[in-house]
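*Asks:*
4 protein chains.
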Amino acid sequence: MKRDKPKYKQIVDAAVIVIAENGYHQAQVSKIAKEAGVADGTIYLYFKNKEDILISVFREKMGIFAENVKEILEKEIPATEKLYKMIDNHFSLLYNDRHLAIVTQLELRQSNKDLRSQINEVLKEYLTLLDSILKEGIDQGEFEKGIDIRLARQMVFGTIDETITSWVMNDQKYDLLKLAPEVHRLILKGMIG
Amino acid sequence: MKRDKPKYKQIVDAAVIVIAENGYHQAQVSKIAKEAGVADGTIYLYFKNKEDILISVFREKMGIFAENVKEILEKEIPATEKLYKMIDNHFSLLYNDRHLAIVTQLELRQSNKDLRSQINEVLKEYLTLLDSILKEGIDQGEFEKGIDIRLARQMVFGTIDETITSWVMNDQKYDLLKLAPEVHRLILKGMIG
Amino acid sequence: MKRDKPKYKQIVDAAVIVIAENGYHQAQVSKIAKEAGVADGTIYLYFKNKEDILISVFREKMGIFAENVKEILEKEIPATEKLYKMIDNHFSLLYNDRHLAIVTQLELRQSNKDLRSQINEVLKEYLTLLDSILKEGIDQGEFEKGIDIRLARQMVFGTIDETITSWVMNDQKYDLLKLAPEVHRLILKGMIG
Amino acid sequence: MKRDKPKYKQIVDAAVIVIAENGYHQAQVSKIAKEAGVADGTIYLYFKNKEDILISVFREKMGIFAENVKEILEKEIPATEKLYKMIDNHFSLLYNDRHLAIVTQLELRQSNKDLRSQINEVLKEYLTLLDSILKEGIDQGEFEKGIDIRLARQMVFGTIDETITSWVMNDQKYDLLKLAPEVHRLILKGMIG
DNA sequence: AATGAATGAGCATTCATTCAT
DNA sequence: GATGAATGAATGCTCATTCAT
Chain L
1 MKRDKPKYKQ
11 IVDAAVIVIA
21 ENGYHQAQVS
31 KIAKEAGVAD
41 GTIYLYFKNK
51 EDILISVFRE
61 KMGIFAENVK
71 EILEKEIPAT
81 EKLYKMIDNH
91 FSLLYNDRHL
101 AIVTQLELRQ
111 SNKDLRSQIN
121 EVLKEYLTLL
131 DSILKEGIDQ
141 GEFEKGIDIR
151 LARQMVFGTI
161 DETITSWVMN
171 DQKYDLLKLA
181 PEVHRLILKG
191 MIG
Chain D
1 MKRDKPKYKQ
11 IVDAAVIVIA
21 ENGYHQAQVS
31 KIAKEAGVAD
41 GTIYLYFKNK
51 EDILISVFRE
61 KMGIFAENVK
71 EILEKEIPAT
81 EKLYKMIDNH
91 FSLLYNDRHL
101 AIVTQLELRQ
111 SNKDLRSQIN
121 EVLKEYLTLL
131 DSILKEGIDQ
141 GEFEKGIDIR
151 LARQMVFGTI
161 DETITSWVMN
171 DQKYDLLKLA
181 PEVHRLILKG
191 MIG
Chain S
1 MKRDKPKYKQ
11 IVDAAVIVIA
21 ENGYHQAQVS
31 KIAKEAGVAD
41 GTIYLYFKNK
51 EDILISVFRE
61 KMGIFAENVK
71 EILEKEIPAT
81 EKLYKMIDNH
91 FSLLYNDRHL
101 AIVTQLELRQ
111 SNKDLRSQIN
121 EVLKEYLTLL
131 DSILKEGIDQ
141 GEFEKGIDIR
151 LARQMVFGTI
161 DETITSWVMN
171 DQKYDLLKLA
181 PEVHRLILKG
191 MIG
Chain P
1 MKRDKPKYKQ
11 IVDAAVIVIA
21 ENGYHQAQVS
31 KIAKEAGVAD
41 GTIYLYFKNK
51 EDILISVFRE
61 KMGIFAENVK
71 EILEKEIPAT
81 EKLYKMIDNH
91 FSLLYNDRHL
101 AIVTQLELRQ
111 SNKDLRSQIN
121 EVLKEYLTLL
131 DSILKEGIDQ
141 GEFEKGIDIR
151 LARQMVFGTI
161 DETITSWVMN
171 DQKYDLLKLA
181 PEVHRLILKG
191 MIG
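Protein chains in written order, with UniProt numbering: chain L, 1 to 193; chain D, 1 to 193; chain S, 1 to 193; chain P, 1 to 193.
1. Counting only beta-carbon separations shorter than 7 Å, does alanine 152 of chain S have a partner in chain P?
2. Rounded to the nearest angstrom, how far is the Cβ of leucine 94 of chain S from that of leucine 100 of chain S, given a contact under 8 Å?
3. Using CA atoms only, rank isn't needed, just tell me which of P:Tyr46, P:Gly141 and P:Arg153 is closest to lysine 5 of chain P.
4. When the Cα of aspartate 16 of chain L is compared with those of L:Val57, L:Val69 and L:Ser166, which residue comes out closest?
5. At a CB-CB cut-off below 8 Å, which residues of chain L make contact with valine 183 of chain D?
6. On a Cα-Cα basis, can you pick out the residue from S:Val29, S:Glu71 and S:Ser111 that is closest to histidine 25 of chain P?
7. Hey, how far is the Cα of residue 194 of chain D from the Cα of threonine 159 of chain L?
8. Taking C-beta to C-beta, are glutamate 144 of chain P and glycine 193 of chain S nearer than 7 Å?
9. Roughly how many angstroms separate the alpha carbons of glutamate 74 of chain D and phenylalanine 65 of chain D, rounded to a whole number?
10. Entirely within the stretch 8-46 of chain D and at least 4 residues each: give me those alpha helix (DSSP H) ranges in chain order.
11. Could you check the C-alpha separation between alanine 152 of chain D and isoleucine 19 of chain L for me, to the nearest Å?
12. Assign lysine 85 of chain P to buried or exposed, taking buried as 16 or more other Cβ atoms, counted over all protein chains shown, within 10 Å of its Cβ.
13. Exposed or buried, which one is leucine 171 of chain L when buried takes at least 16 other CB atoms within 10 Å?
14. Does the CB of phenylalanine 58 of chain L have a neighbour CB from chain D at under 7 Å?
15. Taking the alpha helix (DSSP H) that proline 181 of chain S belongs to, which residues open and close that run?
16. Taking the beta carbon of isoleucine 173 of chain L as the centre, do at least 16 other beta carbons fall within 10 Å, making it buried, or is it exposed?
17. Could you have a look at aspartate 175 of chain S and say whether DSSP puts it in helix, strand or coil?
18. Using a Cβ-Cβ cut-off of 8 Å (strictly less than) and excluding sequence neighbours within five positions of proline 181 of chain D, which residues of its own chain qualify?
19. Output yes if chain L places a C-beta closer than 7 Å to the C-beta of isoleucine 112 of chain D; else output no.
20. Counting Cβ pairs closer than 8 Å, one from the stretch 8-15 of chain P and one from the stretch 27-40 of chain P, do we hit at least three?
21. Find out if the Cβ-Cβ distance for the pair lysine 189 of chain P, glycine 137 of chain S is shorter than 7 Å.
22. Would you say lysine 5 of chain S reaches chain P, if we count a Cβ-Cβ gap shorter than 7 Å as a contact?
23. Is it the case that the Cβ atoms of tryptophan 167 of chain P and leucine 177 of chain P are separated by a distance below 7 Å?
24. In chain S, which residues lie with their C-beta within 8 Å of the C-beta of methionine 169 of chain P?
25. What is the rounded straight-line gap between the Cα of isoleucine 55 of chain P and the Cα of leucine 106 of chain P?
26. Do isoleucine 149 of chain S and leucine 134 of chain S have their beta-carbon atoms positioned less than 7 Å apart in this structure?
27. Using beta-carbon positions only, say whether glutamine 140 of chain P and alanine 79 of chain P come within less than 7 Å of one another.
28. Is there a Cβ of chain D sitting closer than 7 Å to that of aspartate 161 of chain L, yes or no?
29. Measure from the C-beta of methionine 62 of chain L to each C-beta in chain D and report whether the shortest distance is under 7 Å.
30. Do you know offhand how far alanine 39 of chain L's Cα is from lysine 7 of chain L's?
31. Give the secondary structure of phenylalanine 143 of chain P by DSSP, where H, G and I count as helix, E and B as strand, and everything else as coil.
32. Looking at phenylalanine 47 of chain L and the ligand GTP, is the gap between the Cβ and the nearest heavy atom below 6 Å?
33. Is the CB-CB distance between glutamate 51 of chain L and leucine 127 of chain L below 7 Å?
34. DSSP three-state label for serine 111 of chain L, please.
35. Which of helix, strand or coil does DSSP assign to proline 6 of chain L?
36. Name, please, each residue of chain P whose Cβ falls closer than 7 Å to the Cβ of serine 166 of chain S.
Below, the structure is given as structure tokens:
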């Protein structure tokens with residue numbers, strides 16, 4: 001499997017750095033190759049095309065998000081607690097990899113529709129896990145019964161996403177992690193409380 | 001003033017259609033000119049360059065969003081009601097202009113950092129109006145006192161935005177307008193209710 | 001006759017200024033029109049096309065050079081003296097119109113072959129007058145008998161032209177007029193003296 | 001070093017041909033690439049931009065002029081003889097490369113100020129060598145003591161240049177080489193002899 | 001497996017000129 | 001005569017991908 005070879009990861013990591021530092025449109029394949037320490041042509045031994053590099057970046061990195069959430073799901077704690085851990089996990093991973101935060105929140109969104117729809121496929125797994133938490137919360141009577149799960153998921157993800165994007169656009173100058181409790185509270189209790 | 005001339009609006013409207021139908025990266029100036037029924041060169045009598053067309057699209061159309069919200073703000077109704085009207089207005093405008101919805105939710109996000117930072121300037125006005133509603137709600141005792149306005153704004157806008165983007169990505173096949181009450185309820189009361 | 005109308009001269013003079021200040025390639029018709037205080041379209045009531053403006057600039061201005069030389073030719077003085085007066089006249093006219101010097105020595109030479117061959121037609125009259133001086137000098141025994149008139153003319157004009165071009169390229173910072181006697185001496189007696 | 005690779009020279013030579021045959025303004029990069037037998041993009045592996053091709057043409061070709069004059073300077077012959085050889089060399093090189101003659105005398109002069117100032121830098125080296133001959137002649141007592149070297153250089157170069165330009169504009173229809181002795185004589189002894 | 005030189009399609013923008021008023 | 005809004009042809013350059021070595 002190509003994905004397990006060292007050069008594969010080398011190239012994916014190089015792509016994150018190059019995109020974060022140069023922006024999506026200035027992230028030429030040749031720059032990524034140089035950063036990865038391989039020849040341009042070598043890229044094509046591991047990836048079908050440039051788009052394939054970018055979707056791989058997302059898949060590899062987002063995979064960690066999903067894995068963590070899977071572990072959270074298995075814990076024997078209330079759904080509200082799981083939701084908190086998910087938010088905190090999401091914030092933490094991007095807080096600890098500033099380059100990745102720039103790439104996922106700003107740069108990769110400049111990609112074309114095709115790439116974005118592939119990215120959404122990857123996201124779907126993550127959102128499905130989120131749905132599981134929500135269902136569990138409803139079943140356990142923690143969340144309102146009549147809730148529309150799709151809308152609730154959009155609120156949770158939209159709020160998390162917008163919060164992180166704002167943080168990135170403000171040059172990551174405040175402490176994202178400290179926002180988790182209030183985000184959690186808002187999502188659960190709304191603005192009326 | 002160039003903005004009041006008929007050709008200016010013709011070109012802006014043509015740009016929306018061309019971008020929606022062809023995608024951001026396939027929206028060549030010549031295509032926009034053809035759709036607008038003018039020569040390529042005429043574009044440059046009204047716009048400085050291609051980027052100027054795109055930011056104008058956003059400014060012209062987003063301006064309507066802001067104007068409506070301004071009117072809502074002046075009404076003598078509770079802040080929660082104003083919030084509802086704002087959500088409903090946002091949904092309605094994009095529901096009634098499917099092309100515009102595609103452009104704002106998907107295509108214009110592919111633009112480069114420069115253009116997006118200009119777009120954000122335009123957005124800022126809109127978000128400031130949202131802040132006014134939130135402040136009013138707090139002052140009137142409708143919303144929780146201790147609320148972090150910035151986070152609340154990010155929840156409201158993030159939820160609205162994510163809801164519409166999902167609707168667009170699902171080919172606008174369900175009735176977006178009907179979602180407004182539940183979105184409003186979620187934002188106000190959260191998932192616990 | 002269009003050439004006698006005030007706007008004709010206005011436009012020619014505007015062209016000299018615009019070309020001198022902006023350079024040949026930045027001397028758009030619209031800029032010349034603005035400088036002349038007329039509408040773009042008005043230019044085309046007086047000139048066939050842009051090239052026609054430029055050739056007219058040369059014709060109008062170079063005409064003065066030729067007229068002066070004609071007067072010199074009629075004087076009852078030795079050919080060497082006439083040659084001196086010609087050099088001095090050439091230097092004086094450009095020394096006193098710095099804009100024109102830039103235009104003739106630098107900018108107009110960027111024109112294409114067609115325009116330059118038309119310019120050469122205008123120059124021919126001037127060079128023919130120079131030939132007359134040379135012939136007269138030979139007939140009077142002032143200049144060497146066996147001289148090749150064409151080559152002699154090329155030396156005289158080449159030297160004058162190169163001297164002025166160097167002066168212009170050195171930002172006209174020394175006194176061109178003072179060079180006339182030595183240029184005259186060099187042409188007559190060469191470097192051996 | 002890129003300059004030593006065969007394709008570099010291929011492209012420079014192709015540029016001379018294309019410019020001579022089509023004129024400066026009709027010498028598109030794609031035409032040069034086709035003439036050189038390479039793809040458009042290949043040009044940019046060897047040259048920064050189009051201007052870089054043109055200045056390289058001048059530098060490569062003019063370099064030969066300068067090298068030859070350097071050799072002439074080292075010979076143990078009188079300065080007048082060196083001057084003759086320099087004129088003859090200048091005439092010969094352009095006589096034997098008709099395309100190059102057209103390019104240097106007519107086409108490259110249509111370039112914009114930036115390019116021409118770069119061309120002048122290259123020319124300067126050549127003119128400095130000419131100055132050396134002149135100084136030597138003065139020191140050796142061959143040329144007049146009181147001579148203004150700058151003016152003398154302008155006479156020599158102006159005469160050579162004008163002679164060749166006239167030859168090119170007359171479609172190179174007479175034998176340029178035969179003019180060298182008389183040009184030399186005129187420069188040395190002037191018109192009085 | 002790895003290289004990197006070579007490829008070539010694709011597009012925003014300028015500006016001389018026209019012509020309806 | 002005078003205007004100036006509208007026209008539309010024309011081109012340098014980038015960069016993802018290939019393939020001979």
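Quick reminder that beta carbons are idealized off the backbone N, C-alpha and C, glycines included.
*Replies:* Per the coordinate set shown:
1. Judged by the 7 Å Cβ criterion, alanine 152 of chain S is in contact with chain P.
2. 6 Å
3. P:Tyr46
4. Looking at the sequence itself, residue 16 of chain L is valine, so the reference to aspartate does not match. Cα-wise, what sits closest to valine 16 of chain L is L:Val57.
5. At a beta-carbon threshold of 8 Å, the residues of chain L lying near valine 183 of chain D are Leu151 and Met155, ordered along the chain.
6. S:Ser111
7. Since the first residue shown for chain D is 1 and the last is 193, residue 194 of chain D is missing from the structure and cannot be characterised.
8. Cβ distance < 7 Å, so glutamate 144 of chain P and glycine 193 of chain S count as in contact.
9. 15 Å
10. Counting whole runs of 4 or more residues, the stretch 8-46 of chain D contains the alpha helix (DSSP H) stretches 29-36 and 40-46.
11. Roughly 31 Å separates the two Cα atoms.
12. buried
13. One detail in the question is off: residue 171 of chain L reads as aspartate in this sequence, not leucine. Burial call: exposed.
14. no
15. Element bounds for proline 181 of chain S: 180-189.
16. With the sequence shown as reference, residue 173 of chain L is identified as lysine, and isoleucine is not the correct amino acid for it. Lysine 173 of chain L is exposed by the Cβ-count criterion.
17. coil
18. Tyr84
19. Looking at the sequence itself, residue 112 of chain D is asparagine, so the reference to isoleucine does not match. Under the Cβ criterion of 7 Å, asparagine 112 of chain D is counted among the residues facing chain L.
20. Yes, they touch.
21. no
22. No, no contact with chain P.
23. no
24. Simply Ser117 and Asn120.
25. Their backbone Cα atoms lie some 15 Å apart in a straight line.
26. yes
27. yes
28. With respect to chain D, the C-beta atom of aspartate 161 of chain L has a partner C-beta closer than 7 Å.
29. no
30. 11 Å
31. coil
32. Among the components of this structure there are no ligands whatsoever, and the ligand GTP is therefore not found.
33. no
34. coil
35. helix
36. The answer, in chain order, is Gln154.
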